[in-house]
Amino acid sequence: MAAVEHDSVAGFRLAQLGIFVPEDPISRTDFGSTNHAAVYRSRARWWRRGLVERLAVQARADLAAPGGERGAAWCEAVPSFIANVLAGNPELRSEALDALFPSGLAAVLALCWRRPDLAFVLMQNLFAVPAGSCPGSNHPARKLVESAEGHFVLYLLLSLLWSVGADGDEAPRGGASEASSAKAREWASIFFFDLWAAGIFAPAYRGVQRMGAAQLHSFLCAVASVPGWGALRINDGSAAATASSASALESFGRLMGRLCSQREALGLLWHTVHGLLAGPEAAADAGGSSLGGGSQGSEAARLASALLCDSDFVDLAAEEMVASLAVLAGAWQLDWSPAPVTAEACAALGIDPVDLELLQLAPREDKDNCQLRQAETTTKAPAWGDSAAGGEAIEATKARAVADGNGFFRELLLTAIELAAIPRAAGSMLPPRLVGVYLSGNVSLIAALHHLRFGAAAVAVTGTKLPARQASASAVEAAKACNLVLQLRLCGNVLYDSDRARDFLLLSGGLPALLSHCYADPELPLLREAGVFAVRNLTKHSEEVRQAVRELLAERRSVASAAVADASQASEGDDDGQLTSRSAAQSLLPSIDESAIL
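The working numbering numbers the first residue of the sequence shown as 147 and each following residue consecutively.
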């Protein structure tokens, strides 16, 4: 009988060692009627014999071992077995964390491309907080945010989440089945909820943001270079060594090719927050309904409260929003120069004007720490997947802006929408700084997009002749890339039942920009609904604001009438003059649904 390859019988080989590996891993709470003491003794025995560490070392060697990728049985058995050994055993978990982190853990995660759900089960069992304990500064997952190695492990985990399609609205990018991908998303939600509730989102995010391609490559090389196991052998020039080296590099390159881009990893971090706040029902939607859409249950409210009470998270959310707006404005050549917010407007929020110096929140490109700002000044693509090669600089930058609008910026917006939609309960109020950033930065970009398409006078300016409507494909494309509708929804959520937000918007001059978007546009579905929602939330319970809206609408009608009169004079003697004058207002000023607003 021919010899059987060990890859195809990995589970049997583990069984020969006395290890039972079930098809599905045991979670930290799923024991049923099993004798806990016997289970703990059995798992501790395998740990004391060093089998877990030996498997981790072999996984490290497999990263760059010649001969191609391991078989499915081995890749499933190793992470499943380690997850089961650690399940429900705090003492063993602590020892294993010290022994496996970071290299062994990274290598085991790299086995999980066919079964990414096993990676999240392993992480949940390894970093679980004992029941009844207070996470705080002693949370074991702080290992992921307190060192560069932890950031790399987190990045591998995000790449696994990216491979399954985080939204569930597309086929998995890796080799995982639909069932495994669905399980991976479920386990990922459990794992990330525990992490973010412990207050470590901001350091985790900044750690991934600081990563460099060279650093990541060096880390993976270190993981694969296991002394005595022959990984990444030095090529001595012989034919056999050359072939072995080429095969090893191919295996190593396969792993590098599976990693998501840095921008995608950061977008996934925001996606985890958005998904946990909105719930699974809203994941495939454009972020859930405008207010309270998604699961606004106690768990979501608790997570939102933890995030909004974290000053580091608030600072990060404000900085990333303003930085993204600056990049989009530069890519589409928008006239986005937010004026300094007045002291009176800031007083309405109870903050200092220095807290809302938007241009100071949008740092310029820093090659060491901020690779993500490159679209602002260059077409050079950041490492690990982003590409902007060839073409003119502006077109390449726009292409990246479109991709960014469908990825990172969209996730950032959806997260902000959900945070603003959390019920107005104690500890869940949107921090004043975020209110100011959203109602000054986002509103000013909304006005800039309107200016690009209709001209400055279209934003309800008195006494100025309107230019011809510029319904160019570029202006519509810019509005879509900048997620105009989502930005309006964000403003509507921020304004909902908030007197301080209403006063700030009025004092900072943002009313005309919102009012100018209460019209139907076939190119931008749901634009009218989002604009009307924002304005109605602004005017709610305030007759003074409603009167201000009436005055602005009267100004618009006056300007439109003057434009029609001018067009009528120009068309005298023309048989089609009446039709020309009737269409003049339509070409100059979009029709606002006044009845829906007041």
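Backbone N, C-alpha and C define an ideal beta-carbon position, used for all residues, glycine too.
Residue i - DSSP class collapsed to helix/strand/coil
| i | result |
| --- | --- |
| residue 232 | helix |
| residue 478 | coil |
| residue 388 | Low confidence applies to residue 388: its pLDDT is 46, below 50, so where it sits in the model is not reliable, and the reading given next is rough at best. If DSSP states are grouped into helix, strand and coil, residue 388 belongs with the helices. |
| residue 585 | helix |
| residue 364 | helix |
| residue 259 | coil |
| residue 291 | coil |
| residue 487 | coil |
| residue 209 | coil |
| residue 700 | helix |
| residue 498 | coil |
| residue 349 | helix |
| residue 686 | coil |
| residue 221 | helix |
| residue 629 | coil |
| residue 274 | coil |
| residue 332 | helix |
| residue 666 | coil |
| residue 740 | helix |
| residue 470 | helix |
Best match in the options for proximity to residue i [C-alpha to C-alpha]
| i | options | result |
| --- | --- | --- |
| residue 506 | 218, 557, 583 | 583 |
| residue 409 | 258, 643, 305 | 305 |
| residue 740 | 580, 707, 655, 662 | 662 |
| residue 360 | 455, 298, 334 | 298 |
| residue 447 | 421, 644, 328, 265 | 421 |
| residue 261 | 202, 329, 253 | 329 |
| residue 703 | 738, 656, 672 | 738 |
| residue 581 | 595, 629, 596, 497 | 497 |
| residue 364 | 353, 249, 468, 475 | 249 |
| residue 334 | 452, 274, 500, 627 | 274 |
| residue 589 | 357, 504, 697, 670 | 504 |
| residue 244 | 619, 219, 202 | 202 |
| residue 686 | 645, 677, 319 | 645 |
| residue 240 | 253, 284, 651 | 284 |
| residue 204 | 246, 641, 290 | 246 |
| residue 492 | 625, 265, 482, 647 | 647 |
| residue 673 | 626, 233, 219, 307 | 626 |
Neighbour-count burial assignment, residue i, 16 or more Cβ in a 10 Å radius
| i | result |
| --- | --- |
| residue 386 | In this predicted model, residue 386 has a pLDDT of only 46, less than 50, meaning its place in the structure is not dependable; the value taken from the coordinates is given anyway. Answer is exposed; the Cβ neighbour count stays below 16. |
| residue 744 | exposed |
| residue 484 | buried |
| residue 577 | buried |
| residue 654 | buried |
| residue 470 | buried |
| residue 532 | Residue placement at residue 532 cannot be trusted, given a pLDDT of 42 that sits under 50; the coordinates are not used to answer. |
| residue 355 | buried |
| residue 514 | Residue confidence is low: residue 514 scores 35 on pLDDT, short of 50, so the model does not pin down where it sits. No coordinate-derived value is stated. |
| residue 200 | exposed |
| residue 487 | buried |
| residue 195 | exposed |
| residue 443 | exposed |
| residue 407 | buried |
| residue 270 | buried |
| residue 468 | buried |
Contact set for residue i: own chain, Cβ-Cβ below 6 Å, skip 5 residues either direction
| i | result |
| --- | --- |
| residue 115 | There is no way to answer for residue 115, as the model of the chain reaches only from 147 to 744. |
| residue 418 | 338 |
| residue 742 | 678 |
Proximal residues to residue i (C-beta, below 7 Å), its chain only, five neighbours per side dropped
| i | result |
| --- | --- |
| residue 374 | For residue 374, the predicted model reports a pLDDT of 48, less than 50, meaning its position is unreliable; a value from the coordinates is still stated below. Contacts found: none. |
| residue 198 | 192, 228, 231, 242 |
| residue 436 | Note that residue 436 scores a pLDDT of 34, beneath 50, so its modelled location is shaky and nothing firm can be said. |
| residue 252 | 298, 299, 302, 369 |
Distance CB(residue i)-CB(residue j) smaller than 8 Å
| i | j | result |
| --- | --- | --- |
| residue 311 | residue 413 | no |
| residue 287 | residue 341 | yes |
| residue 398 | residue 255 | no |
| residue 489 | residue 649 | no |
| residue 623 | residue 558 | no |
| residue 206 | residue 322 | no |
| residue 350 | residue 272 | no |
| residue 705 | residue 695 | no |
| residue 259 | residue 352 | no |
| residue 449 | residue 343 | yes |
| residue 463 | residue 567 | no |
| residue 586 | residue 502 | yes |
| residue 326 | residue 319 | no |
| residue 631 | residue 594 | no |
| residue 456 | residue 345 | yes |
| residue 749 | residue 652 | The first residue shown for the chain is 147 and the last is 744, placing residue 749 beyond what the model contains. |
Residue-chain proximity (residue i, chain B), Cβ-Cβ < 8 Å
| i | result |
| --- | --- |
| residue 473 | Looking for chain B here will not work: only one protein chain is present. |
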